[in-house]
Amino acid sequence: MAVFVIGDLHLSTSVDKKMDIFKGWENYEERIALNWKESVSQKDTVILLGDTSWGMSLNEALSDFKLIDSLPGEKYLVKGNHDYWWESISKMRSFLCENGIKSIDFIHNNSIVRDGKSLCATRGWMMEDGEKSSAKLILREEGRLRMSLESAEDKNKERIAFLHYPPVFMGRETGNMISIMQQYGVKRCYYGHLHGKSHNMATQGQYKNIEFYLVSADFLKFKPISL
């Protein structure tokens, strides 16, 4: 029962916003499905690190959820900055249940235990070039990260952090995200969001005693990787 991770699928099976206009994204939805089936078994778990669907509502995202549901394994979704369909957890769970989707759930202010590890997640935040800092948003995401890590009560299990945004980019840290992870003994952090030329600027490997991994779909060649 392995755990896999991938971010930024940007599925668009029902809305006209295909990513294949960008270099390297040709036939990406077909490649995602093929690679997924070759790697993931029905007993495995896959963490999806945000920007899963371009749908603007749950109804618009439904066909993307159905595609994900048709693939092997159980799936846990983390919120991304382009997941405009995102609603309250109760509303999303009810919607999936009403539409017969059984293999998808969410990590949001909580954590799950798989393969002897506590999997914790939040969206995070990142300052883009020229963007003004938003202390309120950063504090909110810090609180959600802390809540997720706090919910992992078994200290004997490794806590692993999953974020949509990189908590550090080009040497610039987002608020106290790194120190919060250090406080809870996090040694591994997986994140997405970065595409194209930004891959070359991503923090990978050891940084302040935490191992960082970029897992955007295009960076992974659209193939989920195991922890």
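Residue numbers for the sequence shown follow numbering that gives the first Met the number 0, so the first one is 0 and each next one is one higher. By construction, the Cβ of each residue, glycine as well, lies at the ideal position given by its N, Cα and C atoms. Since this is a predicted model, take the numbers as computed values, not measurements.
Annotated three-state conformation of residue 134 is helix, per DSSP. Beta-bridge analysis with DSSP links residue 189 to 161, 212. Taking C-beta atoms as the reference points, residue 68 and residue 54 fail to come closer than 8 angstroms.
Per the C-alpha coordinates, the member of 123, 42, 78 positioned closest to residue 72 is 42.
Within a 10 Å sphere around the beta-carbon of residue 78 sit 16 or more other beta-carbons, which makes this residue buried.
Where residue 25 is concerned, there is no enclosing alpha helix (DSSP H), because DSSP gives it neither an H nor an E.
Residue ranges of uninterrupted alpha helix (DSSP H) with 4 or more members are absent from the segment 65-92; none lies entirely inside it. The beta-bridge partner set that DSSP reports for residue 47 consists of 5, 76. The way I'd put it, the segment 197-206 doesn't touch the segment 6-20; fewer than three beta-carbon pairs between them come closer than 8 angstroms. A Cβ-Cβ distance of about 17 angstroms is found for the pair residue 148 and residue 4, leaving them out of contact under the 8 angstroms criterion. Per DSSP, the unbroken beta strand (DSSP E) holding residue 110 starts and ends at 110-113. Taking every protein chain shown into account, the CB of residue 74 has 16 or more other CB atoms within 10 angstroms, so this residue is buried.
Note that the C-beta distance between residue 198 and residue 6 is not below 8 angstroms. Around the CB of residue 171, fewer than 16 other CB atoms lie within 10 Å, so the residue is classed as exposed. Our two residues, residue 38 and residue 223, have alpha carbons roughly 7 angstroms apart in a direct line. In the structure shown, residue 100 falls within a coil segment according to DSSP collapsed to helix, strand and coil. For residue 181, the enclosing alpha helix (DSSP H) begins and ends at 176-182. With contacts defined as CB atoms closer than 8 angstroms, residue 95 and residue 106 fail to qualify as a contacting pair. Only residues of its own chain outside the window of five on either side were considered, and among them 143, 146, 147 have a CB closer than 7 angstroms to the CB of residue 108, listed in chain order.
The count of Cβ pairs closer than 8 angstroms, one atom from the segment 214-222 and one from the segment 25-38, reaches three, so the stretches are in contact. Looking from the CA of residue 113, the closest CA among 179, 44, 76 belongs to 44.
Between residue 47 and residue 86, the gap from beta carbon to beta carbon reaches 8 angstroms or more.
The beta carbons of residue 111 and residue 65 sit no closer together than 8 angstroms. Within 10 angstroms of the beta-carbon of residue 40 lie fewer than 16 other beta-carbons, which makes it exposed.
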